[in-house]
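Structure first, commentary second.
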Amino acid sequence: MRDVLEIVAARADRPGAIASAAAARRRPAGWRGEHGRMMIIAADHPARGALRAGPDPLAMGNRADLLDRICTALERPGVNGVLGTPDILEDLLLLGALDDKVVIGSMNRGGLAGTSFEIDDRFTAYDGDSLAAAGFEGGKMLLRIDPDDAGTVATLQACGRAVGDLAAHQLMAMVEPFISHRADGRVRNELSPEAMIRAMTVAAGLGTTSAYTWLKVPVVDDMERVMAATTLPALILGGEVSQDADAAYVRWSKALALPTVQGLVIGRSLLYPPGGDVAGAVDRAVSLL
Numbered sequence: 153m154r155d156v157l158e159i160v161a162a163r164a165d166r167p168g169a170i171a172s173a174a175a176a177r178r179r180p181a182g183w184r185g186e187h188g189r190m191m192i193i194a195a196d197h198p199a200r201g202a203l204r205a206g207p208d209p210l211a212m213g214n215r216a217d218l219l220d221r222i223c224t225a226l227e228r229p230g231v232n233g234v235l236g237t238p239d240i241l242e243d244l245l246l247l248g249a250l251d252d253k254v255v256i257g258s259m260n261r262g263g264l265a266g267t268s269f270e271i272d273d274r275f276t277a278y279d280g281d282s283l284a285a286a287g288f289e290g291g292k293m294l295l296r297i298d299p300d301d302a303g304t305v306a307t308l309q310a311c312g313r314a315v316g317d318l319a320a321h322q323l324m325a326m327v328e329p330f331i332s333h334r335a336d337g338r339v340r341n342e343l344s345p346e347a348m349i350r351a352m353t354v355a356a357g358l359g360t361t362s363a364y365t366w367l368k369v370p371v372v373d374d375m376e377r378v379m380a381a382t383t384l385p386a387l388i389l390g391g392e393v394s395q396d397a398d399a400a401y402v403r404w405s406k407a408l409a410l411p412t413v414q415g416l417v418i419g420r421s422l423l424y425p426p427g428g429d430v431a432g433a434v435d436r437a438v439s440l441l
């Protein structure tokens with residue numbers, strides 16, 4: 153496990169080291185890896201208070217362990233990027249783990265999991281200016297559309313503004329859309345083909361331009377019809393840790409055959425796989441590309 157003492161010392165005594173590390177980072181040649189696709193490790197869950205992975209409700213609550221898993225994944229051949237909040241990406245900068253990687257900063261983390269204000273998903277992390285200043289390649293936003301919650305309109309407006317801001321800096325705007333509903337005190341995403349088509353078409357129209365917009369979508373039934381709803385490039389997300397890993401890989405493989413699907417953005421399924429072999433899980437996902 154990587155020693156975090158160096159990170160703590162830098163944060164306490166040399167906070168300027170973070171900006172220096174960002175400035176010194178070796179940028180990737182492009183958004184695609186050597187396989188012509190994107191393979192992004194997602195690690196932005198903790199800032200929303202979503203720490204569960206598999207049966208462990210606090211799996212992502214140990215930062216040293218999480219960083220070790222992320223670094224292991226980033227070191228595997230074919231992995232060309234990472235998605236995270238400022239605290240995680242800055243830890244990785246201090247560890248020197250982001251050279252030649254596509255770095256996507258997570259932007260709206262205000263809709264904390266399990267809260268009454270979850271749908272009113274405020275932008276509380278990166279913005280376009282800070283991502284450009286850090287030299288990162290893009291920003292990601294979650295867009296949950298609840299027809300029964302007026303907080304949705306504020307999130308729609310904020311996401312539209314963020315898409316335009318990122319495009320002005322020529323940075324990727326990664327939008328993750330869902331039709332969502334509150335039930336039993338929780339916000340649940342609707343994963344029917346019809347719901348995903350509706351959510352994607354709304355997300356595609358956000359902002360002053362869609363030139364830099366990519367979609368981040370789950371694998372659902374009838375993916376061929378779902379992905380026919382847009383010409384925007386899309387990345388497939390991994391979702392929750394599945395005990396049936398074989399079935400998950402089959403679903404990802406089928407989705408990757410569709411023309412608009414340009415790669416994978418997977419977090420917990422690879423960082424906390426059944427059996428604990430992070431490198432093996434990542435290598436298997438890369439083999440699908």
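The numbering of the sequence shown is my numbering, which starts it at 153 and goes up by one.
Cβ coordinates follow ideal geometry from the N, Cα and C atoms, glycine included.
The alpha-carbon of residue 324 is positioned some 10 Å away from that of residue 280.
Residue 289: not part of any alpha helix (DSSP H); DSSP gives it neither H nor E.
In this structure, 215 is the residue among 292, 215, 200 with its C-alpha nearest to the C-alpha of residue 156.
Boundaries of the alpha helix (DSSP H) harbouring residue 375: 375-379, taken from the DSSP string. Within the same chain, and ignoring the five residues on either side of residue 434 in sequence, the residues whose Cβ sits closer than 7 Å to its Cβ are 225, 228, 231, 422. At a cut-off of 4 residues, the continuous stretches assigned as alpha helix (DSSP H) that sit fully inside the region 213-256 are 215-226, 238-246.
Secondary structure at residue 422: helix, using DSSP grouped into helix, strand and coil. In this chain, the alpha helix (DSSP H) harbouring residue 345 covers 345-356. In the three-state DSSP reduction, residue 181 falls in the coil class, being neither helix nor strand. Taking 8 Å as the upper bound for CB-CB distance, residue 258 and residue 196 are in contact here, some 4 Å apart. Shown here, residue 411 sits in coil according to DSSP, grouped into three states, outside any helix or strand. DSSP, reduced to helix, strand and coil, places residue 365 within a strand of the structure shown. For residue 156, the three-state secondary structure derived from DSSP is coil.
Cβ atoms of residue 312 and residue 359 come within 8 Å of each other, at about 5 Å.
Here the region 364-375 does not lie against the region 333-340, with fewer than 3 beta-carbon pairs under 8 Å apart.
Classified as exposed, residue 402 has fewer than 16 neighbouring CB atoms from the shown chains inside 10 Å of its CB. Taking residue 206 as the centre and dropping the five residues before and after it, the same chain places the C-beta of 393, 424 closer than 6 Å to its C-beta, in chain order. Taking the Cα positions, residue 404 is about 8 Å away from residue 440. Residue range 324-335 is occupied by the beta strand (DSSP E) that includes residue 332.
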